[in-house]
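Here the structure comes first, spelled out in C-alpha coordinates, and everything after it is commentary.
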Amino acid sequence: MFAARFVFALVVPGAVIFAQTMGTGTITGVITDATGAVVPGVKVTAVDLNTRIERSAFSNTSGNYVIPALQIGTYHVRAAHEGFKMITQQDVRASTWIPQ
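Numbering (this note's numbering), first residue to last: 4 to 103.
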(Lines of atoms letter the chains of each structure in order from A and count residues from 1; the text may use other names and numbers.)
(Lines give C-alpha, C1' and ligand atoms only; values in the text may rest on other atoms or scores of the structure.)
Protein backbone atom coordinates (compact mmCIF):
# COMPACT_ATOMS: atom_id res chain seq x y z
CA MET A 1 0.00 0.00 0.00
CA PHE A 2 1.38 3.38 -1.00
CA ALA A 3 1.11 6.06 1.66
CA ALA A 4 2.26 9.62 1.29
CA ARG A 5 1.60 12.95 2.83
CA PHE A 6 1.69 16.49 1.56
CA VAL A 7 4.24 18.86 2.95
CA PHE A 8 3.25 22.48 2.61
CA ALA A 9 5.91 25.10 2.05
CA LEU A 10 3.65 27.04 4.40
CA VAL A 11 5.00 25.03 7.33
CA VAL A 12 8.65 24.74 6.39
CA PRO A 13 11.38 27.38 6.11
CA GLY A 14 11.05 29.45 2.99
CA ALA A 15 7.29 29.82 3.13
CA VAL A 16 6.07 32.83 1.22
CA ILE A 17 3.07 34.88 2.20
CA PHE A 18 3.46 38.40 0.89
CA ALA A 19 1.60 41.47 -0.23
CA GLN A 20 1.02 42.01 -3.93
CA THR A 21 -0.82 45.29 -3.64
CA MET A 22 -2.15 47.31 -0.74
CA GLY A 23 -4.70 45.17 1.08
CA THR A 24 -4.02 41.86 -0.65
CA GLY A 25 -1.54 39.05 -0.26
CA THR A 26 -0.46 35.77 -1.85
CA ILE A 27 -0.03 32.29 -0.45
CA THR A 28 2.47 30.18 -2.33
CA GLY A 29 4.31 26.95 -1.71
CA VAL A 30 5.51 23.57 -2.94
CA ILE A 31 3.70 20.25 -2.52
CA THR A 32 5.87 17.17 -1.92
CA ASP A 33 5.16 13.64 -0.78
CA ALA A 34 6.81 11.80 2.11
CA THR A 35 9.83 10.95 -0.06
CA GLY A 36 10.38 14.59 -1.04
CA ALA A 37 9.13 14.13 -4.61
CA VAL A 38 7.01 16.98 -5.94
CA VAL A 39 3.33 16.26 -6.56
CA PRO A 40 1.62 18.00 -9.50
CA GLY A 41 -2.13 18.45 -9.80
CA VAL A 42 -2.84 18.94 -6.09
CA LYS A 43 -5.80 21.22 -5.39
CA VAL A 44 -4.79 23.76 -2.74
CA THR A 45 -7.62 25.80 -1.22
CA ALA A 46 -7.35 28.81 1.08
CA VAL A 47 -10.47 29.55 3.17
CA ASP A 48 -10.79 33.05 4.65
CA LEU A 49 -11.86 32.53 8.26
CA ASN A 50 -13.79 35.83 8.39
CA THR A 51 -15.78 35.56 5.16
CA ARG A 52 -15.58 31.79 4.45
CA ILE A 53 -14.69 32.67 0.85
CA GLU A 54 -12.56 29.96 -0.76
CA ARG A 55 -9.85 30.45 -3.38
CA SER A 56 -8.13 27.50 -5.02
CA ALA A 57 -5.14 26.72 -7.22
CA PHE A 58 -3.47 23.54 -8.48
CA SER A 59 0.18 22.61 -8.06
CA ASN A 60 2.09 22.61 -11.34
CA THR A 61 4.55 20.04 -12.67
CA SER A 62 7.18 21.39 -10.24
CA GLY A 63 4.78 21.05 -7.29
CA ASN A 64 4.46 24.84 -6.98
CA TYR A 65 1.16 26.59 -6.33
CA VAL A 66 0.16 30.25 -6.05
CA ILE A 67 -3.07 31.68 -4.64
CA PRO A 68 -2.87 35.42 -5.41
CA ALA A 69 -4.94 38.48 -4.52
CA LEU A 70 -6.15 37.28 -1.12
CA GLN A 71 -7.66 39.71 1.32
CA ILE A 72 -5.45 40.31 4.36
CA GLY A 73 -6.53 37.95 7.13
CA THR A 74 -6.29 34.44 8.51
CA TYR A 75 -6.82 31.36 6.36
CA HIS A 76 -7.08 27.62 6.63
CA VAL A 77 -5.20 26.05 3.72
CA ARG A 78 -5.93 22.51 2.61
CA ALA A 79 -4.39 20.28 -0.04
CA ALA A 80 -6.28 17.40 -1.65
CA HIS A 81 -5.35 14.90 -4.34
CA GLU A 82 -6.77 11.49 -5.21
CA GLY A 83 -4.83 8.74 -3.45
CA PHE A 84 -3.47 11.06 -0.74
CA LYS A 85 -4.76 12.04 2.67
CA MET A 86 -6.13 15.59 2.71
CA ILE A 87 -3.92 17.90 4.76
CA THR A 88 -5.02 21.18 6.39
CA GLN A 89 -2.76 23.92 7.72
CA GLN A 90 -4.74 26.10 10.11
CA ASP A 91 -4.38 29.78 10.95
CA VAL A 92 -2.16 30.85 8.05
CA ARG A 93 -1.88 34.64 8.25
CA ALA A 94 -1.81 36.65 5.02
CA SER A 95 -0.53 40.11 5.84
CA THR A 96 1.35 42.92 4.18
CA TRP A 97 5.11 42.69 4.08
CA ILE A 98 7.36 45.50 3.02
CA PRO A 99 11.04 44.62 2.47
CA GLN A 100 13.48 46.89 4.25
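Think of the CB as a built atom: it goes at the ideal place given N, C-alpha and C, for glycine as much as any other residue.
Inset, instruction - For T64, collect the residues of the same chain with a Cβ closer than 7 Å to its Cβ; drop the 5 residues on either side in sequence, then sort them by chain order. - result: P43
Inset, instruction - Return yes when the Cβ of I34 is within less than 7 Å of the Cβ of S59, no when it is not. - result: no
Inset, instruction - Output the distance between the C-alpha atoms of V69 and G32, rounded to the nearest integer angstrom. - result: 7 Å
Inset, instruction - Would you kindly work out how many angstroms separate the C-alpha atoms of Q23 and I30, rounded to a whole number? - result: Low confidence applies here, because Q23 scores a pLDDT of 46, under 50, leaving its location unreliable and the question unanswered by this model.
Legend entry - I75 versus R55 - alpha carbon distance: 13 Å
Inset, instruction - Identify whether A60 lies in helix, strand or coil by the three-state DSSP scheme. - result: strand
Legend entry - CA-to-CA distance, T27 to G86, given in whole angstroms: 33 Å
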